Every structure is written in C-alpha cells, then in structure tokens.
Amino acid sequence: MRILVPGLLFCFAAFGQEAPQPEARTTVVKMSLDKAAWAFTAEQGKAALTNTPTGALTFSFPVVPNFVPGNDTASVNYLETAHNLSIAGYTTLATTLQLSVTGNVVFNYMTESDNTCVSPAHARFIIDTGGDGQYDRWWARPLPFLLDAKNAGLPRTMAVALNPALWSSVFGQTGNLNSQTELGFSNALKHVRYLGLTFGGGCFYGHGVSVSGGTAQLTISAFYVSNYYPWPIR
C-alpha cells in the first residue's frame, strides 16, 4: 500500500519534475453494474436487484421480523457477476458501497445452528472459479464491510490487494500457506469465472444475512479490478 507524503510532492516540485499521478497510469477494469449482469446464489427467500437512476446496483436485505438463530427463512448469501477473464497481473479488487438503514435494524447472521462464533455481519469479496474444490473459491480476509447501522450513510470504498496472504480458501487456508495454496490461488486468478461479494458473520463468510427491527439497503456504485490501490484510501 502506498501513502502520499506531502514532503514527497515538495521534493518532486523542487527538482522541476511532475509529481506522480497514480490515476494517470492506472489500468482499471470495471464490472458492469447492470442488474441483469448480477445474481444472488445460495440464497434463501428472495431479494430483488435494481438499478438506481445513476446506474448503481442496489438491493434490500430480506426482513425477518422474528428471527430465530439457526433458522434461515430468508437471507442473501452470494452476490456475483460473471467475469471469464484472467485477473492475474492486477493488484487490487475494489468496490464502493453505501449502506442505508431505517428503524432499529439488526443484522442476523446466525443462520445455522453450528454458527456459534461471535463476529459481526459483513460483506467481503469472493473470487470464484465455479468449481467445488478447496481452491476454487477464495475470500478476502481483511477489511470486510461491516453491516451495522453505524456504518450507514456515506459511500465507502473497500479494497483488498490480490496478495495470496490476504485471501482464504474454502477450508480456511491462506493463499501463502504453502506451495499448494499458492498454486491454487494463482490458478483461481487465471481461471476466475465470477467475482462478487458474500454475506455472513460468525464462523462463516457467506452463509447469509437478513435483518430484523428495520430495513437495510446496500448500494454498489463501483466494482473493479485495478493495478493500483485506491487513491485516496477511504
């Protein structure tokens, strides 16, 4: 991750050189946000995808008024878009999200009886080859987008480097654990079929989230791979 230091700008200016502009030399591949290009998978119940007048993708979390832990009557799990092109060589997967809530909303993630871990509901990246093997799906480990009323309001950019140390396989192995996981992660980047977000909490990254006590809407205004870290970092 690179950090802009004011002194560096002064140094470049003093020698008559133009300060570096990351955006000017960046390759960015943006995913379409058309609702027809995205789909929920592994979900319980129904959540409709729509587009805002500005073209952002948005949906509302299923409302379960009397949620019972371990009983998944409605939830969103995986939200993915097809991307059948290699992302090897890019450095970052990023998205801009905005959460809107009403009422005293609670995000439910204990959708299964064996989800006994305590970890807040969240959204995080997934890289998916479409297969069912140990190394066919990879989840970003750091910096998930927390699903919490305190996180509602302004758009927020979530970005994770495509570094194997920052990604976890189906059974929780980090991509840099050994030569086998490194190869598995590398192959996933080369043979990716879907990119997207999963919703979960507790012990599981993608076993579903619903809401009670109010409503919650998530809006995606950008989703892309790039060869730079977002600038500035938000």
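Per this note's numbering, the sequence shown runs over residues -7 to 226. Note that the Cβ used here is the ideal one computed from N, Cα and C, for glycine as well. Quantities reported herein were computed from a predicted structural model and do not represent experimental measurements.
Three-state class that DSSP yields for residue i in the structure shown
{"i": "Asn143", "result": "helix"}
{"i": "Gln13", "result": "Interpretation of Gln13 is limited by its pLDDT of 38, a score under 50 that renders its predicted location unreliable; the figure taken from the coordinates is listed afterwards. Coil."}
{"i": "Ala132", "result": "strand"}
{"i": "Gln172", "result": "helix"}
{"i": "Phe59", "result": "coil"}
{"i": "Ala115", "result": "strand"}
{"i": "Val217", "result": "strand"}
{"i": "Ser160", "result": "strand"}
{"i": "Lys22", "result": "strand"}
{"i": "Ser105", "result": "coil"}
{"i": "Asn100", "result": "strand"}
{"i": "Ala29", "result": "helix"}
{"i": "Ser78", "result": "coil"}
{"i": "Phe177", "result": "helix"}
{"i": "Ile212", "result": "strand"}
{"i": "Ala6", "result": "Confidence is the limiting factor: at Ala6 the pLDDT is only 29, short of 50, which leaves the residue's position unreliable and the question unanswerable from this model."}
Rounded distance between the beta-carbons of residue j and residue i, thought under 8 Å
{"i": "Gln209", "j": "Phe51", "result": "7 Å"}
{"i": "Ser202", "j": "Pro54", "result": "5 Å"}
{"i": "Thr121", "j": "Val184", "result": "6 Å"}
{"i": "Thr211", "j": "Thr44", "result": "7 Å"}
Nearest candidate by alpha-carbon position, reference residue i, set the options
{"i": "Leu187", "options": "Pro54, Thr87, Asn43", "result": "Thr87"}
{"i": "Ser204", "options": "Glu72, Leu41, Lys22, Pro57", "result": "Pro57"}
{"i": "Phe117", "options": "Val110, Arg129, Asp124", "result": "Arg129"}
{"i": "Tyr220", "options": "Gly123, Ser202, Tyr82", "result": "Tyr82"}
{"i": "Leu139", "options": "Arg148, Ala115, Ala157, Val21", "result": "Ala115"}
{"i": "Thr173", "options": "Phe215, Ala141, Tyr127", "result": "Tyr127"}
{"i": "Thr33", "options": "Val184, Gly176, Leu189, Gly95", "result": "Leu189"}
{"i": "Gly37", "options": "Ala214, Gly200, Thr73, Ser213", "result": "Gly200"}
{"i": "Ala132", "options": "Pro45, Tyr70, Pro156", "result": "Pro156"}
{"i": "Met150", "options": "Ser67, Cys195, Glu104, Leu89", "result": "Leu89"}
{"i": "Asn100", "options": "Leu91, Ser111, Ser92", "result": "Ser111"}
{"i": "Val98", "options": "Glu72, Ala66, Tyr70, Phe59", "result": "Phe59"}
{"i": "Val68", "options": "Ala180, Ala113, Lys182, Ala28", "result": "Ala113"}
{"i": "Asn63", "options": "Leu49, Glu104, Ala28", "result": "Glu104"}
{"i": "Ala180", "options": "Pro147, Glu72, Leu154", "result": "Leu154"}
{"i": "Ser160", "options": "Pro147, Phe137, Ala141, Phe196", "result": "Phe196"}
{"i": "Ala29", "options": "Ala39, Thr46, Glu72", "result": "Glu72"}
{"i": "Thr207", "options": "Arg148, Leu158, Ala141", "result": "Ala141"}
{"i": "Ala74", "options": "Ile119, Pro147, Arg148", "result": "Ile119"}
{"i": "Ala39", "options": "Gly47, Tyr70, Thr46, Met23", "result": "Tyr70"}
Residue environment, residue i, which counts as buried when at least 16 other CB atoms sit within 10 Å
{"i": "Ser171", "result": "exposed"}
{"i": "Gly145", "result": "exposed"}
{"i": "Leu135", "result": "exposed"}
{"i": "Leu25", "result": "buried"}
{"i": "Val21", "result": "exposed"}
{"i": "Ala77", "result": "Residue identity differs from the one stated: residue 77 is Leu in this sequence, not Ala. With fewer than 16 other Cβ atoms within 10 Å, it is exposed."}
{"i": "Ser218", "result": "buried"}
{"i": "Gly192", "result": "buried"}
{"i": "Asn96", "result": "exposed"}
{"i": "Phe215", "result": "buried"}
{"i": "Thr19", "result": "exposed"}
{"i": "Gly125", "result": "exposed"}
{"i": "Phe163", "result": "exposed"}
{"i": "Leu49", "result": "buried"}
{"i": "Leu175", "result": "exposed"}
8 Å Cβ cutoff met for residue i and residue j
{"i": "Gly198", "j": "Asn107", "result": "no"}
{"i": "Ser229", "j": "Ala80", "result": "Because residue 229 is not part of the residues shown, which for the chain are -7 to 226, the question remains open."}
{"i": "Leu91", "j": "Asn168", "result": "no"}
{"i": "Thr291", "j": "Lys27", "result": "Outside the displayed range of the chain (-7 to 226) lies residue 291, so it cannot be described from this structure."}
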